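Notes for the one structure printed next.
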Amino acid sequence: MPDLSVSDLTVEYSSGGYVARPIDGLDLLTSAGSLTLLMGPSGCGKTTLLSCVGAMLTPTRGAVRFGDIDVTNLAGAAMTSYRQSGVGFVFQGFNLVSSLTVLENVMVPLWAARVPRREARDRATALLERVGLEGRAKDRPGDLSGGQQQRVAIARALAMDPPMILADEPTAHLDYIQVEDVIRLIRELATGERIVLVATHDHRLMPLADQILELSKGFGAVARPPERRHLAAGEEVFAQGSVSDLIYVVESGEIEIVRERSDGGTDPVSTSHPGQYFGEMGPICGLPRSATARAVAPSDVVGYTVRDFREQIGPSSIGSLLSEGAPQ
Amino acid sequence: MLTAALRDLQWRRRRFAVAVLGAALVFAMTLLLTGLSNGFVEEATRTQQAFGVDAWVVPSGASGPFLGATPLAASTATDIAAEPGVQMASPFAYARVAAGDDGGRDVNLFAVPPGGPGVPDPDEGRAPERAGEVLVSSKLGADPGEQVVLLGRTFEVVGVVDGSTALGGVANVFATLEDAQALIFSGQPIASAIATRGVPTSVPAGLRVATPTDARDDLLRPLRQPRLAVTVLAMLLWVIAATIIGSVVYMTAIERVRDFAVFKAVGVPTRDIGIGLVAQSVFLALVAALFGAIAGLLLAPLFPMLVEIPGFAFLALPVLAAVVGVLASVLSVRRALSVDPTVAFRGP
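Have a look at this one:
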């Protein structure tokens, strides 16, 4: 069975006229028969990564390969075929079609693949048995609980017996009673040679995972000494879309903060002078940088981890820190 | 994927039923207007045919024996009767006159000498044989033995012709030439045209032969603009039908964006999604056409004038309805095709 490899994956798009880069140079290798969790806060690129792996989004740079398939360059019939039989999707909101019965929802991928009706019905019925919903075949999705709907969605994802399942927050709308069956099912999906890639905030899934990919470094993740940097005029401290864990204080010179527009230009955001700090939002909230910082003139800056920085300013000042500092 | 389209029709059946009802009424109106326009032609043809005349002789400058007539001497009929090809010729008079005690109703007055060509066969009673007698359309509501008033003069009804009308439902009355000359030509021995049995191969100078088709067109002449207006209205109604169906299908397509995204994500070819929407729209249009045809047939007799829906209209209706359905689905299909499959990843 094929492995999934993602290399140097970068996705850029325009957000409010500015360049957003939820994924920047991501690498991932997942072996057949494994359950991989993609974890991180909202906006860190989990769903974007699933979209790229599912051939629903073309990355700006980098490659996604699934076995012999170059997913990045799929188009037309090959892309449709890959979505039909190469990958199964489980969506956050279940996304069952309200007008179809439970059985018909599971049959949708089989209809798409022109599987004969009787065969499709038999296959869908077997899958409903597998997820424990054989008695609800004729019901509408609205008649089921959230957990049952998600089990139908899992059955639908398995309809074409794909070698890879992509699940986006599959437990997001389930209570602790409903979630058990879904978690068990997700784990079972990865017991053969199938790859299961799950984007989630749900830490209950972590003990079951074969691999966990943290897409964003969080608050105070790494303790290290302050980083002192001397910058020539025009040199970047950090680039928009990049991820780092340092908050910078200007010792000398002048640092300008600019935001890259999607048309290639830049908009000035602010300028930091000696004694001022910048770049606090990204490290504190675990977000990519929302702007670029560069030296206007030869400058010296010191980078602190969030923990060190907070110790310097005192815990009571964290609110004013966010309100007074420059963006990102 | 047609199953998904069918299930969606069932799922939103109330909304689609309203659309079908609206479109069906529009289709019925279209059929009725077509029947109305055709009815003008049909009643003119029937009226002209009822005279049993092979040709009409009119002055060269006249466009026909009825509305476009230019008076000529009634004695001209004697000259025409002598022309080769003519078996019988008689003077004919036409005028639109006021009927009733108060003159509040118009009728078409046609007149020939008793026994001459130009009087239809009565369905009840007989044709007028002497002055003071008239044969009337059943639309006038008078039975044999009753009296009618034309331009203030009283006539005895001696016969009835079923549904004889012209010029858009105006009742026809047939009188003797003598009475017509007294009523409309102040007693002068003149006529509107000469009606003949047999077709004259030549006519005296200053006259020309008008065919039955020319005569029919002469009756239709004042209805040309109304018929054009009816045609334009009918076309507008097709557009309205397409708009009704299109707006409902489009609204549905907007609501189904997430469904389309899921379909695309699981590998349903975009073409199949489009076909499903077109099929929905065409299905709605065809069902509306069926109900429209039934409504048209039921409503036609309620009109005060002849509404003759031609057979081809019933054959053309489903075809045109299918075209309307396809056109109505264009915006929806465009919307569905533009849906990004990543929409399926968005939360509820």
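Residue numbers (our numbering), protein chains in the order written: chain A, 723 to 1050; chain B, 7 to 354. We put the beta carbon where it would ideally sit given N, CA and C, even for glycine. Bear in mind the structure is a predicted one, so any value in this text is a computation, not a measurement.
{"query": "Which residues in the same chain as A/Val809 place their Cβ atom closer than 7 Å to its Cβ, once the five residues preceding and following it in sequence are excluded?", "result": "Gly776, Pro884, Met886 and Leu888"}
{"query": "DSSP three-state label for A/Val971, please.", "result": "strand"}
{"query": "Who are the near neighbours of B/Phe57 in its chain, counting only those whose CB is closer than 6 Å to its CB and skipping five residues on each side?", "result": "Gly124"}
{"query": "Can you tell me whether B/Asp85 is helix, strand or coil according to DSSP?", "result": "helix"}
{"query": "Quick one: residues in its chain with C-beta nearer than 7 Å to the C-beta of A/Gly940, no 5 flanking neighbours on either side, listed in chain order?", "result": "Legend: pLDDT at A/Gly940 = 48, less than 50; position of this residue unreliable, no value from coordinates given."}
{"query": "Chain A beta carbons: is any one of them nearer than 8 Å to that of B/Gly280?", "result": "no"}
{"query": "Along the chain, where does the beta strand (DSSP E) that runs through A/Glu982 open and close?", "result": "Ile977 to Glu982"}
{"query": "List, in order along the chain, the chain A residues whose C-beta lies closer than 9 Å to that of B/Met7?", "result": "Val830, Trp833 and Ala834"}
{"query": "Cα-Cα, which of B/Leu213, B/Arg21 and B/Ala248 is closest to B/Pro65?", "result": "B/Leu213"}
{"query": "Could you list which residues in chain B have their beta carbon closer than 8 Å to that of A/Asn795, in chain order?", "result": "Per Cβ cutoff of 8 Å: no residues; A/Asn795 is ~17 Å from chain B at best."}
{"query": "By how many angstroms is the C-alpha of B/Ala342 removed from the C-alpha of A/Ile934?", "result": "36 Å"}
{"query": "If I follow the unbroken alpha helix (DSSP H) through B/Gln153, where does it start and stop?", "result": "Note, B/Gln153: premise wrong, no alpha helix (DSSP H); beta strand (DSSP E) at Gln153 to Leu156."}
{"query": "In the DSSP output, which residue or residues are listed as bridge partners for A/His952?", "result": "A/Asp1022"}
{"query": "Is A/Glu957 helix, strand or coil by DSSP?", "result": "coil"}
{"query": "When the Cα atoms are used, what is the spatial distance from B/Leu189 to B/Pro195?", "result": "12 Å"}
{"query": "Is the distance from the Cβ of A/Leu907 to the Cβ of A/Arg873 below 8 Å?", "result": "yes"}
{"query": "Leaving out the 5 sequence neighbours to the left and right, which residues in its chain are closer than 7 Å to B/Glu184 when beta-carbon positions are compared?", "result": "Ala137"}
{"query": "Using only the alpha-carbon positions, how far apart do B/Arg222 and B/Thr53 sit?", "result": "8 Å"}
{"query": "Please work out which residues of its chain come closer than 6 Å, Cβ to Cβ, to A/Pro794, disregarding the five sequence neighbours upstream and downstream, and give them in chain order.", "result": "The sequence given here has Thr at residue 794 of chain A, not Pro. So the qualifying residues of the chain are Ala785 and Val786."}
{"query": "Would you list, in chain order, the members of the region 769–796 of chain A that have their beta-carbon closer than 8 Å to a beta-carbon of chain B?", "result": "Thr769, Leu772, Ser773, Gly776, Met778 and Leu779"}
{"query": "Please work out which residues of its chain come closer than 6 Å, Cβ to Cβ, to A/Phe1031, disregarding the five sequence neighbours upstream and downstream, and give them in chain order.", "result": "Ile969"}
{"query": "Run through DSSP, which three-state label would B/Met241 get?", "result": "helix"}
{"query": "Distance, Cα to Cα, B/Ile251 vs B/Val284?", "result": "11 Å"}
{"query": "Evaluate A/Asp967 with the Cβ neighbour count: other Cβ atoms within 10 Å of its Cβ, from every protein chain shown; 16 or more gives buried, anything less gives exposed.", "result": "buried"}
{"query": "Grab the span of the alpha helix (DSSP H) containing A/Tyr804 for me, first residue to last.", "result": "Looking at the DSSP string, A/Tyr804 is not in any alpha helix (DSSP H), and its letter there is neither H nor E."}
{"query": "In terms of residues, what are the limits of the beta strand (DSSP E) holding A/Leu888?", "result": "Met886 to Asp890"}
{"query": "From B/Val166, B/Ala29, B/Asp168 and B/Gly106, pick the residue whose C-alpha is nearest to that of B/Thr160; which is it?", "result": "B/Gly106"}
{"query": "Quick check: B/Pro126 and B/Ser198, are their CB atoms within less than 8 Å of each other?", "result": "no"}
{"query": "Tell me whether B/Val24 is buried or exposed, calling it buried when 16 or more other Cβ atoms sit within 10 Å of its Cβ.", "result": "exposed"}
{"query": "Taking all protein chains shown into account, do 16 or more other C-beta atoms lie within 10 angstroms of the C-beta of A/Val904, making it buried, or fewer, making it exposed?", "result": "buried"}
{"query": "Among residues of its own chain, excluding the 5 on either side of B/Gly74, which ones have a beta-carbon nearer than 6 Å to its beta-carbon?", "result": "Ala68 and Asp224"}
{"query": "With the cut-off set at 8 Å, would you say A/Gly914 and A/Gly755 are in Cβ contact?", "result": "yes"}
{"query": "Give me whichever residues DSSP pairs with A/Gln933 in a beta bridge.", "result": "A/Thr758"}
{"query": "Buried or exposed for B/Met35, going by 16 or more other Cβ atoms inside 10 Å?", "result": "buried"}
{"query": "Is the shortest distance between the beta-carbon of A/Arg805 and the beta-carbons of chain B less than 8 Å?", "result": "yes"}
{"query": "Anything in chain B within Cβ reach of A/Phe960, meaning under 7 Å, just list it in chain order.", "result": "Those within 7 Å of A/Phe960 in chain B number zero; the least Cβ separation is about 28 Å."}
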